[in-house]
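Reviewing the structure listed below.
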Amino acid sequence: MNDNDINWFVMRDLTRYHSKLPAYQMLDNLKIENYTPKVQKIFIKNGKRECREVPFIHDLLFVHDSRLHIDPIVEKVNTLQYRYLKGRIPMVVRDKDMEKFKNAVESSFAPQFYLPKDITPDMRKRKIRIIGGVLDGYEGTLVTVRGSKVKRILVELPTLLAAAVEVNPEYIQLL
Numbered sequence: 008m009n010d011n012d013i014n015w016f017v018m019r020d021l022t023r024y025h026s027k028l029p030a031y032q033m034l035d036n037l038k039i040e041n042y043t044p045k046v047q048k049i050f051i052k053n054g055k056r057e058c059r060e061v062p063f064i065h066d067l068l069f070v071h072d073s074r075l076h077i078d079p080i081v082e083k084v085n086t087l088q089y090r091y092l093k094g095r096i097p098m099v100v101r102d103k104d105m106e107k108f109k110n111a112v113e114s115s116f117a118p119q120f121y122l123p124k125d126i127t128p129d130m131r132k133r134k135i136r137i138i139g140g141v142l143d144g145y146e147g148t149l150v151t152v153r154g155s156k157v158k159r160i161l162v163e164l165p166t167l168l169a170a171a172v173e174v175n176p177e178y179i180q181l182l
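In structure tokens form, the structure reads like this:
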């Protein structure tokens, strides 16, 4: 991997949960492409309920740029760090996997996020392929949760995160 190569780097945001300027907002201000999976949460402010999008995992962040551009920011901002593999190699997600994950999450109104440890073998019953619709061509496992009538496909970023995205049953093909 060359320092000039543009990749999706997996990074950590060490700011506090209630920080005024989390890393993803700072990178947005610097016009650097980044992605953090977000969920809707309800907060009470001045006695009124307010719905806001907050990161699912506060310290997980994906940054799409080259190390030449990211390294100076990481050196300057001590709350932003690379996530490393063994041997001090920064973790990278393939472009294809990241685009697939982002498209799936953005196509759903309310995706459900899971950490790898939260996915049980009972949730992974059947392999499916989506035929038609926004997720045409996606392959994954059909998520089965007791009591749920909604069909969902599990889209994963291996060892990092998974999202269960709602799918219209007529588009499901069993493999």
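FYI, our numbering numbers position 69 of the sequence shown as 76, with every residue one higher than the one before it.
Built from N, CA and C at the ideal position, the CB exists for glycine as well.
Cutoff 6 Å; reference residue 43; Cβ partners in own chain excluding five residues on either side: 31, 62, 68
With 16 other Cβ atoms within 10 Å as the buried cut-off, status of residue 49: exposed
Cβ-Cβ separation, residue 65 to residue 24 (assumed contact under 8 Å), whole Å: 5 Å
Three-way DSSP call (helix, strand, coil) for residue 73 in this model: strand
First and last residue of the uninterrupted beta strand (DSSP E) at residue 20: 13-20
Limits of the unbroken beta strand (DSSP E) element including residue 121: 119-121
Residue 47 and residue 60 closer than 8 Å at C-beta: yes
Distance between residue 17 and residue 100 (C-alpha atoms, nearest Å): 7 Å
CA nearest to the CA of residue 177, picked from 19, 141, 163, 34: 141
Beta strand (DSSP E) runs contained entirely in the segment 77-154, provided each spans 3 or more residues: 87-89, 119-121, 131-137, 146-150
For residue 164 and residue 127, the rounded distance between their alpha carbons: 16 Å
Within 8 Å, strictly: CB atoms of residue 131 and residue 181: no
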